[in-house]
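Please read the structure below before turning to the comments.
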Amino acid sequence: RGRRHPADEYAIALILLLFSASWSYDGWLLFRDGVVPRTSSENLVASTCLYLFGGLLWALEGHGRRPTWGPRRPDWPGGDAGSFRALWPLAAALMLFIALLMISSAVGWV
């Protein structure tokens, strides 16, 4: 009793991700229009990808000349996050990839 299991934490994190990423938007459209939008599954995929990439970028840190994954540090999320100078090449590549995904979705390439 009172013990947490990693599976419970992952399930809660997944539900919160889905709610914040897509369900809140689709819920608003259902409330406003009275119907679930046809694009609900596409919104879910796009929003989830944006949240995951945003979280990835948020957790990157620049120590030395290489980007590092912040949650691997024992004192994370506190402490020094390092310099952005080590992050910008990887961050720019990820942002370009995300921009291309969004443009391709809007234009209909995918």
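Numbering (my numbering), first residue to last: 615 to 724. Note that the Cβ used here is the ideal one computed from N, Cα and C, for glycine as well. In this text the structure is predicted, and so the values were computed from the model without any measurement.
In this structure, DSSP gives glycine 669 a helical state, which the three-state scheme calls helix. Of all C-beta pairs linking the segment 677-690 to the segment 641-659, fewer than three are shorter than 8 Å, placing the two stretches out of contact. Glycine 722 and methionine 716 have their C-alpha atoms roughly 10 Å apart. Boundaries of the alpha helix (DSSP H) harbouring tryptophan 702: 702-721, taken from the DSSP string.
Within the same chain, and ignoring the five residues on either side of leucine 632 in sequence, the residues whose Cβ sits closer than 8 Å to its Cβ are Leu658, Thr662.
Contact check for proline 685 against alanine 673 passes: the beta carbons are separated by less than 9 Å.
With fewer than 16 other Cβ atoms from the protein chains shown falling within 10 Å of its own Cβ, glycine 668 counts as exposed. The C-beta distance from leucine 708 to leucine 671 rounds to 6 Å, short enough to meet the 8 Å contact threshold. When DSSP states are grouped into helix, strand and coil, arginine 699 belongs to the helix group.
DSSP lists Gly676 as the bridge partner or partners of proline 681.
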